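If you're matching positions, the sequence shown starts at 51 in the working numbering and goes up one per residue. Ideal placement from N, C-alpha and C gives every residue a C-beta, glycine not left out. Owing to the predicted nature of the structure, the values given are computational and were not obtained by experimental measurement.
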Amino acid sequence: MPSSTDKTTVKSRNYDAVAGVYETIAHIYSFGLIRRAKMAQLRYLKRGARVLYLGAGSGEDAIAAARAGARVTAIDLSSRMIERLRRRLMRKGARAELIAGDALALTPDPLFDVVAGNYFFNVFGPKDMPVVLVRATSYLRPGGLLMIADMAPPRGLLGPLAWLYLKFGLSFFWLLGLASQHPIYDYRVEAQRIGLEEVAVHDHRLLGIGPALYRTLIFRKPEKGA
Ligand SMILES: C[S@@+](CC[C@H](N)C(=O)[O-])C[C@H]1O[C@@H](n2cnc3c(N)ncnc32)[C@H](O)[C@@H]1O
């Protein structure tokens, strides 16, 4: 579904077709690391912080943040994902503002303290991803945090094996029409390019050894001039 932004047309993907199984598949495929990379963000959330989850899916991270005392808004193109998230929140006795719609078309007022894009930016092709990243940053107040959980760029001796594993997953979603083909993005480079400050990077490895497969990244929007 194409979404209009100021300067370009970005190709988004609606995950309605896999809403019931996405989180489970991701969990099994990654031996729990996909979830771990999202949950590692919780320590950076203050109680009462206004947090926006972009492409929230069925939102295990958004639910955890709401239960930890954050004021959560979650948006996803997929109304099935949002419906699932609504039911799960009710079961857990947690609250969040839920929006079924285009995360690139928001005009938040006031701006958010934290914006999270978990396994969201990699849905977009290499031309679109930097545009989406800038868009996400525009939703943050100066001094606010951008949090990303996603695939780690393969490095080191076992990097080629990690690359094969990650590319297999990406290609599977590409075959389903749910992702574009692209290199494993290095969000540190992208964030530096747009003037974000790096706060923390946590790598997640199988059994704590071997190459990093997934990564948690925390950036700060400078108080002035991001
Ligand atoms: C790979 S899934 C990740 C879901 C969730 N963040 C997670 O970690 O489980 C990407 C999600 O982004 C959503 N999405 C893609 N483009 C979007 C857009 N422009 N606005 C809102 N959601 C979008 C899809 O519907 C899908 O649910």
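Backbone secondary structure at residue i - three-state DSSP
i: Leu267; result: strand
i: Gly209; result: helix
i: Pro161; result: The amino acid at residue 161 is misidentified as Pro; the sequence shows Leu. Correct three-state label for Leu161: coil.
i: Ala276; result: Annotation note: pLDDT 46 at Ala276 (below 50); position unreliable, coordinate value reported separately. If DSSP states are grouped into helix, strand and coil, Ala276 belongs with coil.
i: Leu220; result: helix
i: Arg97; result: coil
i: Pro204; result: coil
i: Asp236; result: coil
i: Val173; result: helix
i: Asp152; result: coil
Alpha-carbon spacing of residue i relative to residue j, whole angstroms
i: Phe269; j: Ala241; result: 8 Å
i: Leu211; j: Leu95; result: 34 Å
i: His254; j: Arg86; result: 8 Å
i: Leu207; j: Tyr264; result: 17 Å
i: Ala112; j: Phe81; result: 20 Å
i: Leu258; j: Lys88; result: Before going on, a small fix: residue 258 reads as Gly here, not Leu. Approximately 16 Å between the Cα atoms of the pair.
i: Gly245; j: Ala90; result: 23 Å
i: Asp124; j: Glu147; result: Before going on, a small fix: residue 124 reads as Ala here, not Asp. For Ala124 and Glu147, the distance between alpha carbons rounds to 6 Å.
i: Tyr169; j: Thr157; result: 22 Å
Residue i versus the options, residue with shortest Cα-Cα distance
i: Pro160; options: Gly194, Met179 and Arg130; result: Gly194
i: Leu83; options: Met201, Val249 and Pro272; result: Met201
i: Val251; options: Leu228, Arg243 and Ala199; result: Ala199
i: Met131; options: Gly70, Leu216 and Val239; result: Gly70
i: Phe162; options: Ala99, Leu220 and Pro261; result: Ala99
i: Ala277; options: Gly105, Ile75 and Leu267; result: The first residue shown for the chain is 51 and the last is 276, placing residue 277 beyond what the model contains.
i: Ile149; options: Tyr189, Leu135 and Val60; result: Leu135
i: Ile75; options: Ser108, Pro203, Leu156 and Arg243; result: Ser108
i: Ala144; options: Leu196, Pro204 and Ala114; result: Ala114
i: Arg93; options: Phe222, Arg117 and Ile78; result: Arg117
Beta-carbon proximity of residue i to residue j, cut-off 8 Å
i: Val164; j: Phe171; result: no
i: Leu225; j: Tyr65; result: no
i: Tyr72; j: Ala166; result: no
i: Pro261; j: Gly209; result: yes
i: Asp178; j: Lys271; result: no
Nonlocal neighbours in the same chain, by C-beta distance under 6 Å from residue i, ignoring five residues either side
i: Gly119; result: Arg97
i: Tyr237; result: Ile198 and Leu267
i: Val173; result: Arg63 and Ala229
i: Arg121; result: Arg100
Distance cut-off 7 Å: residue i Cβ against heavy atoms of ligand 3
i: Tyr169; result: Ligand 3 is absent from the structure shown, which contains only ligand 1.
Sequence-distant residues of its chain with Cβ nearer than 7 Å to residue i (five each side left out)
i: Glu273; result: Pro192 and Gly193
Chain-order list of residues whose beta-carbon lies under 8 Å from that of residue i (same chain, five-residue window excluded)
i: Leu256; result: Phe81, Leu83 and Leu263
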